[in-house]
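Numbering (UniProt numbering), first residue to last: 1 to 367.
From the three backbone atoms N, C-alpha and C, an ideal C-beta is built for every residue, glycine too.
Remarks on the structure that follows.
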Amino acid sequence: MTEQSLLDAHRLPLPLPPDPLSPIPDEVERELAAYRAGDVAQAQTSLSTIAESGRTALSGHAAMALAGIELAENGLSATCKKWLEQVASGEDPWLGPLAVVMLSSDFEKHIAGPEPLLSNLADQLTGDLTAARQGFEQALTHLEGAWENESEYDDDAISAILNQRDITKLLLGNVLIQTGDSAAARKPLSSARSHCDGLLAAYASYLEGHVLHEQGENERASRALFYAADEAHPSSSGTEGLLPWALIRYGEFLASNPWLDIVVDQVEENHTSEGSVIRFPFESALTFKKVSQPALADIGLHLFPASADFEPVHAALERLRTWSDERYERARRLTLVLHQYVDDWRNEEKTQKLAELWEKLDLPHLR
């Protein structure tokens, strides 16, 4: 990226943009096209080879494609969950959180009902986004109609209908974002967040925060991301998997927008610094890493060392460089944005180590 895309006119870091979408790589799409044409066995064999080739964005997409094929063929089987676990442990901020949700008991409970939601989700994971969107929209129409005629159903059926309605809104919001229609995703995600709790509410708010960020509603986005992190805590969600993702996105957003009310309020209430408020989400993300271990958490925390040891940052950067150019670029931008909170001219050794990191990342000089 050029200096113009990283710095403003005053040579200060530009805020991190919304996380870019993660399209299916050509190598994976070719195999999915073969699957959609009916060659299931060959697609599975080729995708398995890619998925097992290393810890990269390509292998992560292949694993999610295999989860989608297995979902279509055998439902949420042990094999499907094996591939989802691989995706959840990767670096993709879109596929990772979705995999965490699909692995949860809440997902299995809410997916049960009259509509074939797993089939629609399998369409999405195997590359047919148009069919997935249409399927979720039709399912939502049917479920809303059933709710309007609730007197025709017993209590158990109504509970299943409402659960399915809420998770359909969540999955529809996700696929709308993936098809580039974020504006349309806002309503179903907001509704899902307000009707769900725990993990599903956290995921809805995580996605809603992205939409609000895209639309420039920064104060509302900050509150949505805070809520996502709060609901993603294991005490509410029953799993650690989503929390690191939610905390990283929240921490990135605070670092890019330190004038937000949510930062100012925490500084005043806790008698602390902006840097401490911004550091906390990254520190918390590294506390919960049994399921997901995104390397951005290491970078966000270890740029704030007590000593001048940036080795964990360098190690995390190498993980992201191996994963994809896009994730590595995200790490560069995060480092740039965090500079004002970690640079300390009084610590000569730390200043020197930070300068070496700057040179390695080929980052522009700031004002």
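In the three-state reduction of the DSSP assignment, proline 20 falls in the coil class, being assigned neither a helical nor a strand state. Scanning the stretch 37 to 122 for uninterrupted alpha helix (DSSP H) segments of 4 residues or longer gives 40 to 51, 57 to 74, 78 to 88, 95 to 102, 105 to 111, listed from N- to C-terminal end. Ranked by Cα distance from threonine 141, the options Pro114, Asp154, Ser119, Thr126 are led by Pro114. A straight-line Cα-Cα distance of about 16 Å links proline 312 and threonine 322. For proline 281, the uninterrupted alpha helix (DSSP H) segment begins and ends at 274 to 285. With respect to isoleucine 278, tyrosine 341 sits close: the two C-beta atoms are nearer than 7 Å.
The shortest C-alpha to C-alpha distance from leucine 21 to any of His61, Ser284, Asn149 is the one to His61. A Cβ-Cβ distance of about 15 Å is found for the pair alanine 202 and lysine 169, leaving them out of contact under the 8 Å criterion. The shortest CA-to-CA distance from methionine 64 to any of Thr56, Leu76, Gln86, Gly241 is the one to Gln86. Glutamine 178 has its alpha-carbon roughly 10 Å from the corresponding atom of arginine 133. Rounded to the nearest whole angstrom, the C-alpha separation of lysine 290 and glycine 180 is 32 Å. Bridge partners of leucine 317 according to DSSP: none are assigned. The stretch 83 to 99 makes contact with the stretch 66 to 75; the number of CB pairs closer than 8 Å reaches 3 or more.
In this structure, the straight-line span from the alpha carbon of aspartate 166 to that of alanine 33 is close to 31 Å.
Apart from the 5 residues on each side of it in sequence, threonine 287 has no Cβ closer than 8 Å to any other Cβ in its chain. In the three-state scheme derived from DSSP, where H, G and I count as helix and E and B as strand, leucine 7 is classed as strand.
Under DSSP, proline 13 shares a beta bridge with Leu7. In the three-state reduction of the DSSP assignment, histidine 302 falls in the helix class. With fewer than 16 other Cβ atoms from the protein chains shown falling within 10 Å of its own Cβ, glutamate 348 counts as exposed. Exposed is the label assigned to threonine 272, since fewer than 16 other Cβ atoms lie within 10 Å of its Cβ. Straight through space, the alpha carbons of tryptophan 245 and serine 159 are spaced by roughly 30 Å. Contact fails between the stretch 102 to 122 and the stretch 6 to 14, because fewer than three Cβ pairs, one in each stretch, are under 8 Å apart. When the beta-carbon positions are compared, phenylalanine 282 and alanine 297 come within less than 7 Å of each other.
Annotation for tryptophan 259: no alpha helix (DSSP H) segment contains it, and DSSP assigns it neither H nor E. The alpha-carbon separation between aspartate 155 and leucine 162 amounts to approximately 11 Å. Only residues of its own chain outside the window of five on either side were considered, and among them Leu66, Ile69 have a CB closer than 7 Å to the CB of glutamine 44, listed in chain order.
For isoleucine 262, the closest alpha carbon among the candidates Tyr206, Glu326, Arg220 is that of Arg220. Between glycine 238 and leucine 199 a beta carbon distance of about 7 Å is seen, short of the 8 Å cut, so the two are scored as contacting.
In summary, aspartate 106 is buried, with 16 or more beta-carbon neighbours lying within 10 Å of its beta-carbon over all protein chains present. Shown here for valine 28: same chain residues with a beta carbon closer than 6 Å to its own, the five before and five after excluded, namely His61, Ala62, Ala65 in chain order. Counting other Cβ atoms within 10 Å of its Cβ, tryptophan 147 stays below 16 and is therefore classed as exposed. In the displayed model, histidine 339 falls within a helix according to three-state DSSP.
Judged by DSSP in its simplified three-state form, arginine 346 adopts coil rather than helix or strand. Excluding five sequence positions before and after glutamate 31, the CB atoms of its chain that fall closer than 6 Å to its own CB belong to Ala43, Ser46, Leu47, given in chain order.
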